[in-house]
Amino acid sequence: NAGVTQTPKFQVLKTGQSMTLQCAQDMNHNSMYWYRQDPGMGLRLIYYSASEGTTDKGEVPNGYNVSRLNKREFSLRLESAAPSQTSVYFCASSEAPGVSYGYTFGSGTRLTVV
Amino acid sequence: KNQVEQSPQSLIILEGKNCTLQCNYTVSPFSNLRWYKQDTGRGPVSLTIMTFSENTKSNGRYTATLDADTKQSSLHITASQLSDSASYICVVSVVDKLIFGTGTLLAVQP
């Protein structure tokens, strides 16, 4: 009954370092998403994957790259971390693309860039 | 501009009391409206999803209402419990994306 699993839960990076956030879902969902949550703001979409083999930019894609490794896994990479990327990152999945389906969220990765 | 605004920003109530959280949106065209509960340090968990034609939907002690004419929604929590302490987020769908409100932080005290 894991749902959406994110690793790591916490990470501290120095400016300029790179890292990959991992996300895996076990619900056989086709679509996966990466959001960031900042204080005083609603969740904002970074990238999404409507189905295996496809990825598209969301609202705030600059500074990030993604890989849909297979149907289960969707990773988010920061190539050169900046303090502005300090945030809580959430991965989510849905049965199919579009807004008619429920989204299941992971527990988040809290990233601090110093 | 598509926006979702929630009020109040924060709320403190005593255990066992009822409360109502508000959501106003300027999103167009509207697809559906969701309420999520987010516990501290956790991801959002869906409470209800309502389409344009639905006026009310319940999930246990949570009841959401929707007035599509005035573009307002409310989430009513009945007989609050300590475990209801969380942030409640209103999310409105437009075309192909979700627009998230900033949430109402609810604290239930014994």
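In the order they appear, the protein sequences are chains L and V. Take the first sequence: its letter number 105 is residue 119 in this note's numbering, and every next letter is one higher. Take the second sequence: its letter number 66 is residue 90 in this note's numbering, and every next letter is one higher. Backbone N, C-alpha and C define an ideal beta-carbon position, used for all residues, glycine too.
In the pairwise beta carbon analysis, the region 44-56 of chain V is classified as touching the region 91-100 of chain V: at least three pairs are separated by under 8 Å. Contact check for Lys61/V and Ser104/V: beta-carbon distance about 13 Å, past the 8 Å limit, so the pair fails to qualify. When DSSP reads this structure, His100/V sits in a beta bridge with Thr44/V and Thr87/V. The Cβ-Cβ distance between Glu109/L and Ala38/L does not fall below 8 Å. Proximity to Thr72/V across Arg58/V, Asn79/V and Thr44/V peaks at Arg58/V, based on C-alpha coordinates. A residue is called buried when at least 16 other Cβ atoms come within 10 angstroms of its Cβ; Pro68/V meets this threshold and is buried.
Across the set Gly54/L, Met46/L and Asn76/L, the C-alpha of Met46/L shows the shortest separation from the C-alpha of Gly112/L. Around the CB of Ile101/V, 16 or more other CB atoms lie within 10 Å, so the residue is classed as buried. The continuous beta strand (DSSP E) containing Leu35/L extends over residues Met33 to Gln39. When the beta-carbon positions are compared, Cys105/L and Val18/L come within less than 8 Å of each other.
Residue-level contact by beta carbon holds for Ser70/V and chain L, with a gap shorter than 8 Å. The C-alpha of Arg66/V lies about 30 Å from the C-alpha of Pro53/V. Interface with chain L (8 Å Cβ-Cβ cutoff): Asn83/V is excluded. Interface flag for Ser121/L against chain V is set, since a Cβ pair is found closer than 8 Å.
Neighbourhood of Val28/V in chain L, by CB distance below 9 Å: Gly56, in chain order. For Val115/V, the enclosing beta strand (DSSP E) has its first and last residue at Ala110 to Val118. The bridge partners DSSP lists for Met74/V are Leu57/V. A straight line joining the alpha-carbon of Tyr78/L with that of Phe119/L spans about 19 Å.
If the five residues before and after Pro32/V are omitted, its C-beta is found closer than 7 Å to the C-beta atoms of Thr128, all from its own chain and listed in chain order. Considering only Ala131/V, Phe124/V, Pro134/V and Val116/V, the residue with the shortest C-alpha distance to Pro53/L is Phe124/V. At a cut-off of 8 Å, the C-beta of Lys121/V has a neighbouring C-beta in chain L. Rounded to whole angstroms, the gap between the alpha carbons of Thr126/L and Asp40/L is 28 Å. Each residue's CA atom was taken as its position, placing Arg82/L and Ala92/V some 37 Å apart.
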